[in-house]
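Engineer: Going line by line, the protein sequences match chains Z and W. Per our numbering, the first sequence runs over residues 1 to 110. Per our numbering, the second sequence runs over residues 111 to 227. Ideal Cβ placement from N, Cα and C applies to all residues, glycine included. Just so it is clear, the structure is predicted and the values come from calculations on it, not from any experiment.
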Amino acid sequence: KNEVEQSPQNLTAQEGEFITINCSYSVGISALHWLQQHPGGGIVSLFMLSSGKKKHGRLIATINIQEKHSSLHITASHPRDSAVYICAALSGAGSYQLTFGKGTKLSVIP
Amino acid sequence: DVKVTQSSRYLVKRTGEKVFLECVQDMDHENMFWYRQDPGLGLRLIYFSYDVKMKEKGDIPEGYSVSREKKERFSLILESASTNQTSMYLCASSLSTGLGSIQETQYFGPGTRLLVL
Numbered sequence: 001k002n003e004v005e006q007s008p009q010n011l012t013a014q015e016g017e018f019i020t021i022n023c024s025y026s027v028g029i030s031a032l033h034w035l036q037q038h039p040g041g042g043i044v045s046l047f048m049l050s051s052g053k054k055k056h057g058r059l060i061a062t063i064n065i066q067e068k069h070s071s072l073h074i075t076a077s078h079p080r081d082s083a084v085y086i087c088a089a090l091s092g093a094g095s096y097q098l099t100f101g102k103g104t105k106l107s108v109i110p
Numbered sequence: 111d112v113k114v115t116q117s118s119r120y121l122v123k124r125t126g127e128k129v130f131l132e133c134v135q136d137m138d139h140e141n142m143f144w145y146r147q148d149p150g151l152g153l154r155l156i157y158f159s160y161d162v163k164m165k166e167k168g169d170i171p172e173g174y175s176v177s178r179e180k181k182e183r184f185s186l187i188l189e190s191a192s193t194n195q196t197s198m199y200l201c202a203s204s205l206s207t208g209l210g211s212i213q214e215t216q217y218f219g220p221g222t223r224l225l226v227l
């Protein structure tokens, strides 16, 4: 069973700061998913990646398959980025199941 | 846009009641999932279904059952609700390519906050 660890658990940043959230997993995967959950519960998919790097606006996700590690970066953070960020690993070809990290709660202060 | 809807945003039930949580997706996805989310524990898979009438247990199926009679609808049933089933319940769906690849992004519903008294 894959173990997915996220760090930090909680993060407080000043508006404009560069933010990094880390995710490591124990077993080889086919893809890694970054999700965002705002207060109120709804979950939105940010990225799904299996190698390299992806960028969407101020968000950048990277993955290093050999090191079993992924990072989510937020540039020029803004209070509306305040949310819980969750990484989840999709293990193996034909797998339907995601293994989730416990999430990182980000608060961006004006 | 993929849309996953859940029948209720908030639900209050009594211990011992039978509870039905409904999930509907409009994108003809093969795979559907039920999760519960609790503080400090993250998202945990209860059951999933990869086709009509097919179901597989997830990590925490005890006390729950599911039904998938139609492709677009996946129901979670609490046969006899207990206070330890107070939680946020999230439904998700995904396309099945059989490749375990990038196409299998999961789309989540808004969640149902269930309180069992």
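1. Going by DSSP, what residue range makes up the beta strand (DSSP E) through W/E130?
2. Mind pulling the beta strand (DSSP E) runs of 3 or more residues that sit fully within the segment 4-47 of chain Z?
3. Hey, would you say W/K165 sits closer than 8 Å to W/Y157, going by beta carbons?
4. Output, in sequence order along the chain, the residues in the segment 42-53 of chain Z whose CB is closer than 8 Å to any CB in chain W.
5. Which residue or residues does DSSP assign as beta-bridge partners of W/L188?
6. Give me the Cα-Cα distance between Z/Q9 and Z/K68, rounded to the nearest whole angstrom.
7. Sort out for me which residues DSSP pairs W/M198 with in a bridge.
8. Which same chain residues, not among the five before or five after Z/N22, have their C-beta less than 6 Å away from its C-beta?
9. Nearest by alpha-carbon distance to Z/Q36: which of Z/T99, Z/A88 and Z/E3 is it?
10. Under a CB-based cut-off of 8 Å, is W/M198 close to chain Z?
11. Return no unless some Cβ of chain Z is closer than 8 Å to the Cβ of W/Y174.
Structural biologist: Once the coordinates are examined:
1. Position 20 of the second sequence, counting from 1, holds the residue named residue 130 of chain W. One detail in the question is off: residue 130 of chain W reads as Phe in this sequence, not Glu. Element bounds for W/F130: V129 to Q135.
2. 4-7, 10-14, 19-25 and 31-37
3. Taking the second sequence and counting its residues from 1, the one referred to as residue 165 of chain W is at position 55. Taking the second sequence and counting its residues from 1, the one referred to as residue 157 of chain W is at position 47. For W/K165 and W/Y157, yes; Cβs fall inside 8 Å.
4. G42, I43, V44, S45, M48, L49 and S50
5. Along the second sequence, read from residue 1 onward, the residue named residue 188 of chain W stands at position 78. Answer is W/V129 and W/Y174, bridged to W/L188.
6. For the purposes of this step, residue 9 of chain Z is identified with residue 9 of the first sequence, where counting begins at 1. For the purposes of this step, residue 68 of chain Z is identified with residue 68 of the first sequence, where counting begins at 1. Taking the straight line joining both Cα atoms gives about 19 Å.
7. To locate residue 198 of chain W, count along the second sequence from 1; it is residue 88. Answer is W/Q147 and W/R223.
8. Here residue 22 of chain Z is taken as the residue at index 22 of the first sequence, counted from 1. Answer for Z/N22: S7 and S71, listed in chain order.
9. Walking along the first sequence from the start, residue 36 of chain Z turns up at place 36. Here the closest residue by C-alpha is Z/A88.
10. In the second sequence, residue 198 of chain W corresponds to position 88, counting from 1. It does; some Cβ of chain Z falls within 8 Å.
11. As a first step, residue 174 of chain W is located in the second sequence; it is residue number 64 there, counting from the start. Not one chain Z Cβ lies under 8 Å of W/Y174.
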